[in-house]
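In my numbering, the protein residues as written are 5 to 197. Cβ coordinates follow ideal geometry from the N, Cα and C atoms, glycine included. Following: one structure in structure tokens, then a few remarks.
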């Protein structure tokens, strides 16, 4: 049976006082202290707070990301390995490989592209199967997978005359059109491919 407020005493409700509210504490504290006008950044933070998708990156990792030259056409594999590994650590809630690759893609689309289910299956003919990154071994596996994906993607771009900078978007659209009848992982009934 559904419980309502009138089913409890005020003494019971006092046990749930605000000091026990530990939901995204740092962001909650920041938003609670807001004064003045809202801008789009504040609204975005509120939305991410509400859907519990706010991702905070340590300053050290941000500094590493900012070492990537926005205009470079040559990937620094060692730096990439370090950044991807740092972002995939379990304390960075909300960061799976697709999210990590999205951040890198917007930093420099000439060397990084998003790895997602659609583009991956369009290139390899099988589903992208990522496990939890709760251990260092799996972080290394996924980091190596991403580096291999970038190499393979570039080869296909060269072969089919696709601008690498737009490859993730172009191949996403093709897969969405040509493989629309094959469900993605975690989206309804799966067909094995």
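Do residue 4 and residue 137 have their CB atoms nearer than 7 angstroms?
A question about residue 4 goes unanswered here, because the residues of the chain that appear run from 5 up to 197.
Helix, strand or coil for residue 38 per DSSP?
It is coil, neither helix nor strand.
Which class does residue 146 belong to by DSSP, given the choice of helix, strand or coil?
Three-state result, residue 146: helix.
Starting from the Cα of residue 121, find the closest Cα among 69, 160 and 187 and give me that residue.
187
To the nearest angstrom, how far is the alpha carbon of residue 164 from that of residue 144?
30 angstroms
Let me confirm a value: residue 90 is counted as buried when at least 16 other C-beta atoms fall within 10 Å, else exposed. Which label applies?
By the neighbour-count rule (16 or more Cβ atoms within 10 Å), residue 90 is buried.
Would DSSP call residue 12 helix, strand or coil?
coil
For residue 181 and residue 17, I'd like the C-alpha separation in whole angstroms.
53 angstroms
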